[in-house]
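Written below as structure tokens is the structure these notes are about.
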Amino acid sequence: MRNRRNNSVDMSVQSFQLSELEEKARASALKRVSDHFQKPEQLDKIDIIKSRFLNQKTATEAQLKMALYSQLDGSKVGLEKLDTALAESQTCRNRLIQLGSSLSGLSGLSQQLHELKNLSTKYSQLGAAMENMSYLVKAPETFEQARTYLESENLLEGHKLMQDLEGIRDELMFEVYRQKSMEDLDTLRAFFRELENLNDTFRHKIIVLGSRLTSAVITHNRFVVNCVRVIDREERTDANWRKRSEKHGFMPDGRPKQWKKLLFDSIFNTIKNKVFGSALDNENDKNKLVRHNEAIRQHTLADLKIAKNICPTYFPADYAIFDRFVEMYHEAIGMHVESLVLEGLSDTEIVQLLGWINSYHTEEFMKNPFMNIDFNRLNLRHPINLLPDEKLNSLRKQYVSKTIERLKSWLANSLLKDTSDWQRSTGPELDGSSNYFTDLPVLVMTPINEMIGKGNLLHYLGNAVREQFFTQCVEEMALFVKDYDDDIKKYRAAYIQDRSKFPCYIEYILANANGACMIAHSFVTVIMDELTEDSHLKGNLTARISHLKSEYEKVAEQWIAYAEETVFMDLNRVLSVIMTSQWLRPDDMTTQYLVGTLADYDETLKHTRQNLYDKLAEKLAERMLIEYLKALISRRSPLSTEADRKKAGEKITRDGHDLKNYFEEKMKVKSEVIVAYDALTTIGQLFLTTDTSMLPLDIANLKRQFPDVRSDQVYALLVARGDVTSDNAKGLSADSHYGRELSQKPSPFAIFTRLVVAMDTH
Numbered sequence: 005m006r007n008r009r010n011n012s013v014d015m016s017v018q019s020f021q022l023s024e025l026e027e028k029a030r031a032s033a034l035k036r037v038s039d040h041f042q043k044p045e046q047l048d049k050i051d052i053i054k055s056r057f058l059n060q061k062t063a064t065e066a067q068l069k070m071a072l073y074s075q076l077d078g079s080k081v082g083l084e085k086l087d088t089a090l091a092e093s094q095t096c097r098n099r100l101i102q103l104g105s106s107l108s109g110l111s112g113l114s115q116q117l118h119e120l121k122n123l124s125t126k127y128s129q130l131g132a133a134m135e136n137m138s139y140l141v142k143a144p145e146t147f148e149q150a151r152t153y154l155e156s157e158n159l160l161e162g163h164k165l166m167q168d169l170e171g172i173r174d175e176l177m178f179e180v181y182r183q184k185s186m187e188d189l190d191t192l193r194a195f196f197r198e199l200e201n202l203n204d205t206f207r208h209k210i211i212v213l214g215s216r217l218t219s220a221v222i223t224h225n226r227f228v229v230n231c232v233r234v235i236d237r238e239e240r241t242d243a244n245w246r247k248r249s250e251k252h253g254f255m256p257d258g259r260p261k262q263w264k265k266l267l268f269d270s271i272f273n274t275i276k277n278k279v280f281g282s283a284l285d286n287e288n289d290k291n292k293l294v295r296h297n298e299a300i301r302q303h304t305l306a307d308l309k310i311a312k313n314i315c316p317t318y319f320p321a322d323y324a325i326f327d328r329f330v331e332m333y334h335e336a337i338g339m340h341v342e343s344l345v346l347e348g349l350s351d352t353e354i355v356q357l358l359g360w361i362n363s364y365h366t367e368e369f370m371k372n373p374f375m376n377i378d379f380n381r382l383n384l385r386h387p388i389n390l391l392p393d394e395k396l397n398s399l400r401k402q403y404v405s406k407t408i409e410r411l412k413s414w415l416a417n418s419l420l421k422d423t424s425d426w427q428r429s430t431g432p433e434l435d436g437s438s439n440y441f442t443d444l445p446v447l448v449m450t451p452i453n454e455m456i457g458k459g460n461l462l463h464y465l466g467n468a469v470r471e472q473f474f475t476q477c478v479e480e481m482a483l484f485v486k487d488y489d490d491d492i493k494k495y496r497a498a499y500i501q502d503r504s505k506f507p508c509y510i511e512y513i514l515a516n517a518n519g520a521c522m523i524a525h526s527f528v529t530v531i532m533d534e535l536t537e538d539s540h541l542k543g544n545l546t547a548r549i550s551h552l553k554s555e556y557e558k559v560a561e562q563w564i565a566y567a568e569e570t571v572f573m574d575l576n577r578v579l580s581v582i583m584t585s586q587w588l589r590p591d592d593m594t595t596q597y598l599v600g601t602l603a604d605y606d607e608t609l610k611h612t613r614q615n616l617y618d619k620l621a622e623k624l625a626e627r628m629l630i631e632y633l634k635a636l637i638s639r640r641s642p643l644s645t646e647a648d649r650k651k652a653g654e655k656i657t658r659d660g661h662d663l664k665n666y667f668e669e670k671m672k673v674k675s676e677v678i679v680a681y682d683a684l685t686t687i688g689q690l691f692l693t694t695d696t697s698m699l700p701l702d703i704a705n706l707k708r709q710f711p712d713v714r715s716d717q718v719y720a721l722l723v724a725r726g727d728v729t730s731d732n733a734k735g736l737s738a739d740s741h742y743g744r745e746l747s748q749k750p751s752p753f754a755i756f757t758r759l760v761v762a763m764d765t766h
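Residue numbers (the numbering used here): 5 to 766.
Here's what the structure looks like:
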């Protein structure tokens, strides 16, 4: 019912579609007729048009019929093929049923097929054995023949026989391996046991070649060539079995042999023995490491020259024999350096090792232009500088710290020794320039000269170590000068407490002042000479070195001041008489004592370096004048009569003249200070004036010559006359216009200004 209902629905749909097509056809026909008969004259052609339409209709119907018949023929052929296929499939089904019925009656087929497989395998093995039977029978004879060839150094023939036997063994073992028969594998191993002995012989010869390669390429070149050819054969066989092993998982006994690696290992062991065996037996020789490293350098260069010039003749290019030699020597030397570091090194050995590492990449070693080594293309296990940067930096810091500690200890001991000499009752010795000196400058510079300078240890360490050392060395020398100054201050304090214990105090003070200058000069000279060719390092250190030099010069000047202080310890007793009643006595020898004391001390002071002596002489002259002026100004006047004032004026004038002459002629004090002594002559005239009404002229003259003289100083001088009241003295000194408007020149040496400072200080 459902099918009929569906069929009726389909027919109704088709009928509807046909009616639509008919309507469209009628509409199209009507349109075409109306298009052809738009004008009355077109009716005359109606027969022609009708005939044309009929022809078109006939042609269209013919085409439709042909298409329909073609479709019907195709459907007929398809139906026929379907019938044929159905018949054939039915036949196959019947035959499969028959085959299944037949097979169900068979039993034990699987077991029979397994036995057949075993028989086939056994047949295959027997076939392989039959093929190699002649070789197997002759195997003992072949072993013996191969051994004979090897003993006669006929390596190629002996190796060919050995390879033939190995080929037979390996193929048989492969067949047995496929059957997983371990007993048969053991049988084959036992039968071909002699092959291991032959292989051992070849390995021994390769090891011997590696140990003597650099000499063998010269004296036994045939042996070298034969060994290399044997190695190449085995390398090819190793490669073939590796490929087969990837497929089947089987690798013959003793494979891969890797005889090429064996050769390189032997060469490396020989190189390592040369490197490590170059050590000297004398443990007490401080240059042991230098000799050891030099022996390594010579061995390395000799072998690399042979590897560069001769070895490539006997080795294939893929061996890269020269590059391998460089790599192996680099590896051995790197191991040697590491072992030295692990064992621990003394200060001297550290600097020797660092120097050698620095020279490693120079023309005297690995950068030899003849060898033209390119480290970038090499496979290096050790860093290019033999040690990692952190280890190198650690060694450098270790060396610098140890060296500075040793220097610090040396300086402390040297200073301690020198301070003990200062207590002696005999003075220091004189050098070639007749200057006092102690041993301290020489002691201080001894370790520095040992390390610094061309040809000395530090020169070979490179800029990194040198900069660290120089920086810390300058710092240590700066600390040393402070310790040095502290000891001098202690020496001075002990002297002031009891002068009798130090009879040569001033001599040693002067000697140490000389020494400080000498140390500064020597140290700076050595350092700057070392930095002459290194502008970068010189630029980094120049400021520090200049500051260090100035520190030593400062303490030298301070110690010269201690000498000045000592001189005035004696002079002050003489100066204390000035402006006293004793000073006015006819038998007073103040002037003679002053000049005599200066002369006595000058015999000692002249043994000072010239620049220090000049400063000391100037300081003595300045202080002498200031102390004299202080006595005139600050002491209570003993002058009560005209005669006393005259004596005082004459003494002041004479003292000024004598002191000026002594400082100028004997001590060669510069003129700026000498001119200041004219102040005593002018002041002497102030005391010689008998008419107090003329004093303003004397004051004007004083102010004209010394514009820096102060009113209170003039007042003190006027009061010291003893005949000028305090009020008059104030009035005269307050008239500041006296003389000053007459002179625009500066006051000589600003002596009165210095006097104020000196009096305020004390």
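Even glycine gets a Cβ: it sits at the ideal position worked out from N, Cα and C.
Residue from the options with nearest C-alpha to residue i
i, options, result
"Q717", "G660, S675, D533 and S638", "S638"
"P445", "A524, D307 and R151", "A524"
"D257", "R193, T612 and L415", "R193"
"V761", "G338, A720, R714 and I300", "R714"
"E170", "S424, T536 and E200", "E200"
"L399", "H365, L721, V345 and R381", "V345"
"E368", "Q302, K251, A324 and N467", "Q302"
"R248", "D174, I300, S219 and T317", "D174"
"L552", "D533, E479 and A498", "E479"
"S3", "R385, K395, V485 and M455", "Residue numbering for the chain in the displayed model covers 5 to 766; residue 3 lies beyond these limits and cannot be assessed."
Test item: CB-CB of residue i and residue j under 7 Å
i, j, result
"E280", "M332", "Reading the sequence as shown, one finds Phe at residue 280 and not Glu. Contact: no."
"L514", "A567", "yes"
"V448", "Q356", "no"
"V516", "R613", "The question names Val, yet the displayed sequence has Asn at residue 516. Result no, Cβ atoms of N516 and R613 do not sit closer than 7 Å."
"M698", "A621", "no"
"K264", "I235", "yes"
"V330", "I377", "yes"
"V581", "D662", "no"
"A733", "V673", "no"
"A336", "I275", "yes"
"P451", "L411", "yes"
"L759", "L736", "no"
"V571", "Y605", "yes"
As assigned by DSSP and simplified to three states, the class of residue i
i, result
"F506", "coil"
"Y440", "strand"
"L434", "strand"
"I582", "coil"
"A848", "Within the shown structure, residues of the chain are numbered from 5 to 766, placing residue 848 beyond reach of any answer."
"Q562", "helix"
"H224", "coil"
"P256", "coil"
"V673", "coil"
"T382", "The identity of residue 382 in the sequence shown is Leu, whereas the question assumes Thr. Coil at L382, not helix or strand."
"Y719", "helix"
"T612", "coil"
"A324", "coil"
"K421", "helix"
"E476", "Just to set this straight, residue 476 is Gln in the shown sequence, not Glu. Here Q476 sits in helix by DSSP."
"R640", "coil"
"M375", "coil"
"V679", "helix"
"G281", "coil"
"N732", "helix"
"V713", "coil"
Contact belief for residue i with residue j at Cβ below 8 Å, rounded distance in angstroms
i, j, result
"T693", "N705", "Contact flag wrong, Cβ pair sits at about 10 Å."
"W426", "Y512", "5 Å"
"L390", "I361", "6 Å"
"D702", "L690", "5 Å"
Neighbour flag for residue i against chain B, beta carbons, 7 Å
i, result
"T475", "Among the chains in the structure shown there is no chain B, since it carries only a single protein chain."
For this session: With a floor of 4 residues, list each alpha helix (DSSP H) that falls wholly inside the segment 498-550, ordered by position along the chain.
Result: Entirely contained in the segment 498-550, the alpha helix (DSSP H) runs reaching 4 residues are, in chain order, 509-534.
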